[in-house]
Amino acid sequence: MFSKKGLLLTVMVFVMAASLLFGGSAELMAEDVTTITVAAFPDQDSGFNAILDDFHEKYPHIRVELEVADFDDHHQSLLTRIAAGSNVPDVANVEIAFVGDFVNRGGFENLSAEPYNADRFQEDIIGYKWAQGTNEETGNLIAMPLDISPGTLFYRRDRLEELGADIDDLQTMEDWIALGEEFAATTEEDNRWLFADAASVYEMIRRAGDYQFFDDEGEPIITSDKFVRAFELSKEVRDRGLDGNIGEWTNEWYSTFQEGTILAQPSGAWLGGHIQNWMAPETAGKWGVANLPDDMFIGWGGSFVAIPEDAENKEEAWEFIQYVTTNVEPQIGQFEAANIFPSLLAAFDHEIFEEPSDFYAGQNVRALWLDAAKQIPEVNTNRYDNIAEDIVGDALTEVLENDKDIMQALEDAEQLLRRRMR
Amino acid sequence: MKSNNNSGISDKFRLNKKVAPYVFISPFFILFLIFGLFPILYSFFLSFNSWDGIGQMSFVGLDNYAYILTDGWFWDSVQTTVIIFVLTTIPQHVFALTLAFILNSSYVKFKDFFRTSYFLPYITSAVAIALIFDVLLGTRSGLLNAFLIWMQQLPPIEFLFQTFQFDLPARWLGEPRLIRFSIAGLVTWRFTGWNMLIYFAGLQTIPRSLYEAARVDGASIRQVFTKITLPLLKPVIFFGVTMSIIGNLQLFQEPFVLVGGAGGTGRAGMTTAMYLFRTGFHWRQFGEGSAMAYVLCIFIIILSLVNKKLFSGGGLNEL
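What follows is the structure in structure tokens.
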């Protein structure tokens, strides 16, 4: 006969065994598929979406959930969550404008260390991009390069033909300004311009060279010749009436693309996707792409992926990052989906770079971008980059709108910037 | 038996009459503690520290306050805020009061329709507003400029534009001196209806007998408005203006959607609230941002006190 106590014991043993069995299998199920969150901004999400099916097929134990917010919101909420240390995504997509800030402050895993050992991929990835993802002091890789974006000049092929100009003759800013004068003279009205906004001349030049706003010691270089020239040329374009004074991402800006009222727009290669997909799809065949004037080869956009220190599934996050950044297939997949230009050198040999594009009247623009990408120097990043961007941009407005003396504007800006570097 | 049992159980859970009210109002206070009081105190604490959002905080005493009070951009933003405040608060209240008075009079039909129409902008989403105003205020494709160019054909108006050196097409969202008018216009459009409702409610508390007595005495509409309506509405005006001070000095959303987070050309649209947001969340200087929030708070308190001095007293109680 079982005693009461014995009965209780038996029941308990059964219950425990059962729970072990069922609980164990439930645990196994959970271990089977780990869901990781990847936080991204548009249009990077289109790139990720295009390759997720392949990823899930090759890595059945991982499920990726995309978290998309618009550009500013994405970076801000990322920062807030990392600061709070909770609800952080497993993989964080960081754009170039924010990367200097993020990699130099902490909060992210050191990818150079165990168990990631990302340095073994250094040779495979385009050099300047790798440098931007590393911490200035330690030299450790914090943010893995995902994509780059060579700066390029989108120009209206049809307008150049009307003016009888040959794109090969347009090598310097002075050449473009002269052609802009001709273009503006074709009409009495003020609706033919070289660029939509004179500030884009500055935007192009400031990104050129080995240093952007700061030298390697972190000293601001915004009174250097580069910035003086950027300001002078912007001002010249404005003073000659060669720009429409039209801000980017406004309805009026889109209509300059649709109506061909501007000759050219300097930007990152990613702009091509926007023009083609929604800004001016009906202008197919009227566009051409050229290298930036004065042999400038610059990075204009591009992004990184990093793992926050407080992420829950770091191992799986790293598997995902390795997949998207070090394999040709997903790199090309993202490029096809949304003009997200590969940062993996091996992807440059892909046949997609030999195909001409109808939108550019049969020009092989991808090969041109590829060639430009290879010539971009190693530009440094700095934790105060986005403050400098605001301050120098504001100084340019003073020059363009209020005729402030260029050197004075730059010196004032430097003073303001130093004050804010605290 | 059964019912006894039930009441026995529920007795256990029955709240003490003294405790019950506090339990019932606790949801508000719990939410307020988490989302209201905690951030207020925490940002006060932050304003004495230097913090980038991720790394270590370090105590810097009053450094942040000294920094912002000597910061040119901060004072620029205060100036912008005050200009927009003046440009919007005065028309808002003048329009609101006038509209409320007209709507409250017996001449107007379809009162409900008008009341709803004027209130509509207040509940419209900021994104929709941004889209509409982009279409209205565009330089070359904007409706406002198209209308002004058409108006310019009339010689007197052309003369007026020439005297003020007002060139068309105007860059409403591009030229620094116009950006503030554009923002003030949007804010006025949005909040006039809200103020109108307040004034309308205030007007309805004024006894009809007063108006009737005035009519018997042969008072004109203007006299009725200035001698009866305005003095009796004084407490309501005080309330409305106070709300405007609090709201408009913290102006953020409207300029943000119109000219973007950087404040537009020459930062002409960068209000103090936008600047502190940019300092904190874009430049990641949370200590400085928090200090700005507290300085702004002090400005609001001062202005509210001045307002109290101007408008205190009056109303039905003093009759």
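Chains as they are written, first to last, in this note's numbering: chain C, 8 to 429; chain H, 7 to 325.
Even for Gly, the Cβ is constructed at its ideal location relative to N, Cα and C.
Could you tell me whether any Cβ in chain C is nearer than 8 angstroms to the Cβ of residue i?
i         : result
Gly180(H) : yes
Gly275(H) : no
Asp140(H) : yes
Ile308(H) : no
Ala268(H) : yes
Arg121(H) : no
Trp289(H) : yes
Asp173(H) : no
Thr271(H) : yes
Ser250(H) : no
Ser147(H) : yes
Arg186(H) : no
Count the other CB atoms, across all protein chains shown, that sit within 10 Å of the CB of residue i; report buried if there are 16 or more and exposed otherwise.
i         : result
Ser112(H) : exposed
Gly30(C)  : In this prediction, Gly30(C) scores a pLDDT of 46, lower than 50, which makes its location untrustworthy; the coordinate-derived value is nonetheless stated afterwards. By the neighbour-count rule (16 or more Cβ atoms within 10 Å), Gly30(C) is not buried but exposed.
Leu35(C)  : Note that Leu35(C) has pLDDT 44, beneath the 50 cutoff, so the model's placement of it is unreliable and no number is given.
Asn201(H) : buried
Ser326(H) : The requested residue 326(H) is not part of the displayed model; chain H covers only 7 to 325.
His81(C)  : buried
Val242(H) : buried
Trp81(H)  : exposed
Trp326(H) : Nothing in the structure corresponds to residue 326(H), since chain H is present only between 7 and 325.
Asn22(H)  : exposed
Glu421(C) : buried
Glu224(C) : exposed
Lys314(H) : exposed
Gly180(H) : buried
Ile43(C)  : buried
His68(C)  : exposed
Trp256(C) : exposed
Asn198(C) : exposed
Thr87(H)  : buried
Phe38(H)  : exposed
Is there a C-beta anywhere in chain H that falls below 8 angstroms from the one on residue i?
i         : result
Asp108(C) : yes
Met428(C) : no
Arg425(C) : no
Thr145(C) : no
Arg112(C) : yes
Ala207(C) : Per the sequence presented here, residue 207(C) reads as Ser, with Ala not at that position. Chain H, which has no Cβ nearer than 8 angstroms to the Cβ of Ser207(C), makes this no.
Thr44(C)  : no
Gln382(C) : no
Asp401(C) : yes
Gly254(C) : yes
Asp79(C)  : yes
Check residue i in the structure and name its three-state DSSP category.
i         : result
Ile243(H) : helix
Phe1(C)   : Within the shown structure, residues of chain C are numbered from 8 to 429, placing residue 1(C) beyond reach of any answer.
Ala274(H) : coil
Glu72(C)  : strand
Ala176(H) : coil
Leu216(H) : helix
Phe29(C)  : Caution applies to Phe29(C), whose pLDDT of 48 falls short of 50 and renders its modelled position unreliable; the model cannot decide the point.
Pro122(C) : coil
Leu351(C) : strand
Val101(C) : strand
Ser112(H) : coil
Ala206(C) : helix
Ala344(C) : helix
Thr130(H) : coil
Arg166(C) : helix
Phe170(H) : coil
Thr388(C) : coil
Ala152(H) : helix
Glu34(C)  : Because Glu34(C) sits at a pLDDT of 44, beneath the cut-off of 50, its placement in the model cannot be relied upon, and the following sentence gives the value as read from the coordinates. Of the three classes helix, strand and coil, the one that applies to Glu34(C) here is helix, per DSSP.
Using DSSP bridges, identify the partner residues of residue i.
i         : result
Ser147(H) : Beta-bridge pairing links Ser147(H) to no other residue.
Trp200(C) : Ile269(C)
Met151(C) : Val312(C)
Gly158(C) : Gly275(C)
Ser364(C) : Gln370(C)
Could you list which residues in chain A have their beta carbon closer than 9 angstroms to that of residue i, in chain order?
i         : result
Asn320(C) : No chain A is present in this structure, whose protein chains are C and H.
Worksheet item: Which runs of the beta strand (DSSP E) spanning at least 3 residues fall entirely within the region 226-284 of chain C, listed in chain order?
Response: Fully enclosed beta strand (DSSP E) runs of 3 or longer: 271-275.
Worksheet entry | Runs of beta strand (DSSP E) wholly within the region 280-331 of chain C (minimum 3 residues, chain order) | Entirely contained in the region 280-331 of chain C, the beta strand (DSSP E) runs reaching 3 residues are, in chain order, 294-297 and 306-313.
Discussion item. Just to confirm the assignment: which complete beta strand (DSSP E) runs, minimum length 3, are found wholly within the region 259-305 of chain H?
Written reply: If we require 3 residues or more, the region 259-305 of chain H turns out to have no beta strand (DSSP E) run fully inside it.
Item to complete: Note down, one range per segment and in chain order, each alpha helix (DSSP H) of at least 4 residues found wholly within the region 29-86 of chain H.
Response: For the region 29-86 of chain H, whole alpha helix (DSSP H) runs of length 4 or above, ordered along the chain, are 44-52 and 69-75.
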